[in-house]
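Note sheet for the following structure.
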Amino acid sequence: MADGLEATLNRMSKWLVAALFGGIILWRHDSEVLWASMGSLLNCILSIVLKRILNQERPVSTLRSDPGMPSSHAQYIFFTVMFTNLSIMEWLGTNIFTVTIGGLALAFGSYLSWLRVSQQFHTVSQVVVGAVLGSIFCILWSWSWNAYVLKAFISTLWVRIVVVLGAAGFAWIFLYMWFVFRLGMRRNSLDKLMKTKLRSILVKIPRKSLLSSLNIRWT
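Residue numbering for the sequence shown is 386 to 604, as defined by the working numbering.
Structure below.
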């Protein structure tokens with residue numbers, strides 16, 4: 386039962402984190418969160434590029450054929466977790482409450498990332514590298530907003546257009562991933578239904594008749 390729960394959480398991990406990111410977007414609804422959305426998109430692209438460059442196999446290559454270094458899940462999860470912590474500290478400052486919330490967010494992200502190891506999709510090093518990259522990318526991306534982009538966003542139209550388009554790209558990818566996820570769930574449900582019906586049909590067929598239909602001598 387525990388293995389089944391972990392497998393389910395692993396499949397839904399990106400959606401849980403995406404829901405968290407979506408909640409932050411609705412809560413903040415400002416220009417900085419648009420910039421963060423664009424950063425999240427580039428963070429995913431960076432992970433894909435690094436996978437192709439490093440080309441390191443997964444621990445069990447039969448589960449997934451694409452390279453495993455770094456873990457895209459861990460990189461995306463920790464980008465979102467880090468942005469969540471930065472947003473909370475920016476809103477409420479650094480105190481016991483925000484440190485506690487930040488610690489819980491890190492624990493949540495660490496657990497979801499660890500599931501990639503327990504389900505044999507990644508090695509520990511692949512997950513750790515993904516988590517570190519996602520965290521560093523988020524910190525640098527947030528710093529660039531406050532240091533350079535904010536002034537340009539206020540004064541320059543094309544910067545605002547680029548940021549909005551980047552946020553729109555994040556929304557499009559989210560919807561695409563949701564469509565793929567739902568399609569996969571429907572296929573899995575259909576496969577299970579077909580297997581169940583096939584088993585029930587085979588059980589109802591007498592063994593002697595089944596062997597006769599296969600031209601096997603009954604002894």
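Positions of the beta carbon are idealized from the N, C-alpha and C atoms, including for glycine.
Three-way DSSP call (helix, strand, coil) for residue i in this model
{"i": "residue 463", "result": "helix"}
{"i": "residue 507", "result": "coil"}
{"i": "residue 445", "result": "coil"}
{"i": "residue 519", "result": "helix"}
{"i": "residue 393", "result": "helix"}
{"i": "residue 458", "result": "helix"}
{"i": "residue 488", "result": "helix"}
{"i": "residue 498", "result": "helix"}
{"i": "residue 541", "result": "coil"}
{"i": "residue 450", "result": "coil"}
{"i": "residue 554", "result": "helix"}
{"i": "residue 478", "result": "coil"}
{"i": "residue 440", "result": "coil"}
{"i": "residue 602", "result": "With a pLDDT of only 48 at residue 602, under 50, the local geometry of the prediction cannot be trusted, and no value is derived from it."}
Rounded distance between the beta-carbons of residue j and residue i, thought under 8 Å
{"i": "residue 605", "j": "residue 538", "result": "What the structure shows of the chain is the stretch from 386 to 604, and residue 605 is not part of that stretch, so it cannot be assessed."}
{"i": "residue 508", "j": "residue 517", "result": "Not a contact, Cβ separation roughly 14 Å."}
{"i": "residue 498", "j": "residue 458", "result": "7 Å"}
{"i": "residue 410", "j": "residue 418", "result": "5 Å"}
{"i": "residue 473", "j": "residue 483", "result": "5 Å"}
Best match in the options for proximity to residue i [C-alpha to C-alpha]
{"i": "residue 551", "options": "420, 499, 390, 397", "result": "420"}
{"i": "residue 463", "options": "488, 480, 476, 446", "result": "488"}
{"i": "residue 471", "options": "561, 547, 391, 526", "result": "526"}
{"i": "residue 557", "options": "389, 398, 423, 495", "result": "423"}
{"i": "residue 467", "options": "399, 410, 520", "result": "520"}
{"i": "residue 434", "options": "414, 531, 418, 460", "result": "460"}
{"i": "residue 405", "options": "529, 553, 482, 493", "result": "493"}
{"i": "residue 554", "options": "398, 391, 429, 541", "result": "429"}
{"i": "residue 391", "options": "496, 400, 490, 408", "result": "496"}
Straight-line Cα distance separating residue j from residue i
{"i": "residue 514", "j": "residue 455", "result": "6 Å"}
{"i": "residue 505", "j": "residue 412", "result": "35 Å"}
{"i": "residue 535", "j": "residue 475", "result": "15 Å"}
{"i": "residue 445", "j": "residue 452", "result": "11 Å"}
{"i": "residue 479", "j": "residue 545", "result": "30 Å"}
{"i": "residue 447", "j": "residue 396", "result": "17 Å"}
{"i": "residue 523", "j": "residue 465", "result": "8 Å"}
{"i": "residue 414", "j": "residue 436", "result": "33 Å"}
{"i": "residue 533", "j": "residue 389", "result": "47 Å"}
{"i": "residue 399", "j": "residue 543", "result": "31 Å"}
{"i": "residue 510", "j": "residue 441", "result": "11 Å"}
{"i": "residue 326", "j": "residue 548", "result": "The shown model of the chain, from 386 to 604, leaves out residue 326, and the question about it has no answer."}
{"i": "residue 427", "j": "residue 477", "result": "28 Å"}
{"i": "residue 561", "j": "residue 481", "result": "39 Å"}
{"i": "residue 490", "j": "residue 439", "result": "29 Å"}
{"i": "residue 443", "j": "residue 431", "result": "18 Å"}
Where residue i falls, given that 16 or more other Cβ within 10 Å makes a residue buried
{"i": "residue 393", "result": "exposed"}
{"i": "residue 500", "result": "buried"}
{"i": "residue 512", "result": "buried"}
{"i": "residue 528", "result": "exposed"}
{"i": "residue 541", "result": "exposed"}
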